[in-house]
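Beneath this line is the structure, given in structure tokens, with notes to follow.
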Amino acid sequence: MATIEDILGHFSNATPVLVSGGGLAFTALLIHLLSKPAERFGLVDRPGGRKTHEGLIPLTGGLAIYGGFVIASGCGTEIVSPILLLGMGFVLAIGLVDDLYGLSARFRLATEIGAALIMVVWGGKMIHDLGDIVGTGSLRLGLFAIPFTVLCTVGFINAFNMADGIDGLASGCAATAMSWFIFATWLTGQPIHLKEWILLAAILGFAAYNTRHPLRKKASAFLGDSGSMLLGFALAWVAIQMVEGGPNRILSPIAVAWVLALPVIDTVRLMLQRGLRGGNPFVADREHLHHILLRKNLTPGQTSWLLVGINGMLGGIGVIAHHLGVPDFWLTMGFIGIFVAHYRLTTYGCRLDQADPAARPLPVPESLNALSVRHCLPKAAELPIEVNPTSDGIDRYREQRLRHY
């Protein structure tokens, strides 16, 4: 009669495909199992203000991905670093509190710094040099290695959180990044860590319920702050792992930046533009790239697939160029060029919105008790929409918003 040890021993010899398949299946199962409890405890996203989805959507993506990752990791030969699990669990817990009750920006920033320090101090994950990005040899960080790694980790957690604004975008970008990291490891001939396969599978298990495709017209589960922070932290861990090892590193830091390009570039551009206007760089608005594309009459599904495709293409450029021996200096110049092009195109898109009254944001009536939204204009122009405090008036208003966006 088989014992528990025999069963676990059988799974320990499983191939990465089988074990990662378990991560996908467990994540998908948890999406189903957590939907009702999420509604009971209020862990749901409600439409209103800047959110134009229909109905209550469970914010269970982070819990499902973490649960699927942990369960599947217990079935493989590789023991996942307990520091990684601790860090992921920490940001997940903070994100859940934020999803349920709301946290101040300062407190969230402090906890993100704490999570980054867990990774650096206890996990030993650190960026020691930036490669030959200026053409004069490897640029070592020395004493600045710890603060720079913390800054990059916190920045990417927030960049990924900001990218989670449309169905399938954040999960799609995470899946393409993990795929390129795995492919880059394979190109070097180094063993691919099982946790990377499992993490990719868990992301795909969630993406099946979060991405719009022919079998699903809208998302049935969201990441929430808990999920986006979790994925941002996990991807930062894997990204730093890619640049470790000195001359035997899998990817150079600038090649990793190409893999993570779209969320990072869009976030840096937004914060820079907000700062130049004299506003708060951390105040949410509707000037993300996906918002601009939605105002150009692309559907949410088209917008998500387009941006995920662009992110995947940029990641491919970084990985293949590094493998072919393209100097870091030229990859850096190309990355700067992509940022400048992105900045100019999005600025031009905002100016077109300013000139087109139909593309301006609809006013939010006070009867809905919603927050006002500012687009590219300092003051939103009001469109002639009749709304009264009756339920019929509110329904008509929401329908017009959905058609508009």
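Numbering-wise, our numbering puts 82 at position 75 of the sequence shown, and it's gapless, one number per residue.
Even glycine gets a Cβ: it sits at the ideal position worked out from N, Cα and C.
- I101 is not a Cβ neighbour of M133, given a cutoff of 8 Å.
- W204 and P270 have their C-alpha atoms spaced approximately 22 Å apart.
- In the DSSP assignment, no residue is bridged to V161.
- The shortest CA-to-CA distance from A123 to any of G149, S111, F155 is the one to F155.
- Under the three-state reduction of DSSP output, D139 falls in the coil class, being neither helix nor strand.
- Between the stretch 93-107 and the stretch 250-261, the count of C-beta pairs closer than 8 Å stays below three; the two stretches do not touch.
- Counting every other CB atom within 10 Å of its CB across the protein chains shown gives Y216 a total of 16 or more, marking it as buried.
- I343 is classed as exposed because its beta carbon has fewer than 16 other beta carbons within 10 Å across all chains shown.
- The beta carbon of A208 sits closer than 6 Å to those of S27, G30, L31, all from its chain and outside the five residues before and after it, given in chain order.
- When the beta-carbon positions are compared, F163 and L242 come within less than 8 Å of each other.
- The stretch 304-321 makes contact with the stretch 166-182, as at least three CB pairs between them are under 8 Å.
- Counting only runs that start and end inside the stretch 140-221, the alpha helix (DSSP H) elements of at least 4 residues fall at 152-170, 176-195, 201-217.
- Apart from sequence neighbours up to five positions away, the residues of its chain that approach V87 with a beta-carbon distance below 7 Å are S80, K202, ordered along the chain.
- By the 16-neighbour rule on beta-carbons within 10 angstroms, Q309 is exposed.
- For V266, the enclosing alpha helix (DSSP H) has its first and last residue at 260-266.
- DSSP places P270 within a helical segment (H, G or I) once states are collapsed to three.
- Judged by beta-carbon spacing, I125 lies beyond the 8 Å limit of V157, meaning their Cβ atoms are not closer than that value.
- For R284, the secondary structure class from DSSP, reduced to helix, strand or coil, is coil.
- Rounded to whole angstroms, the gap between the alpha carbons of T306 and N255 is 44 Å.
- When Cβ pairs closer than 8 Å are counted between the two stretches, the stretch 329-340 is seen not to touch the stretch 274-283, the count staying below three.
- According to DSSP, V51 shares a beta bridge with P65.
- Checking the DSSP bridge columns, you'll see R256 has no partner listed.
- Burial state of M249 is buried, judged by a 10 Å Cβ sphere holding 16 or more other Cβ atoms.
- One alpha carbon belongs to A214, the other to I189, and they sit about 18 Å apart.
- Where N318 is concerned, the enclosing alpha helix (DSSP H) starts and stops at 307-330.
- With a threshold of 16 other beta carbon atoms within 10 Å, P65 meets it and is buried.
- In this model, L92 and K225 are separated by some 31 Å (Cα to Cα).
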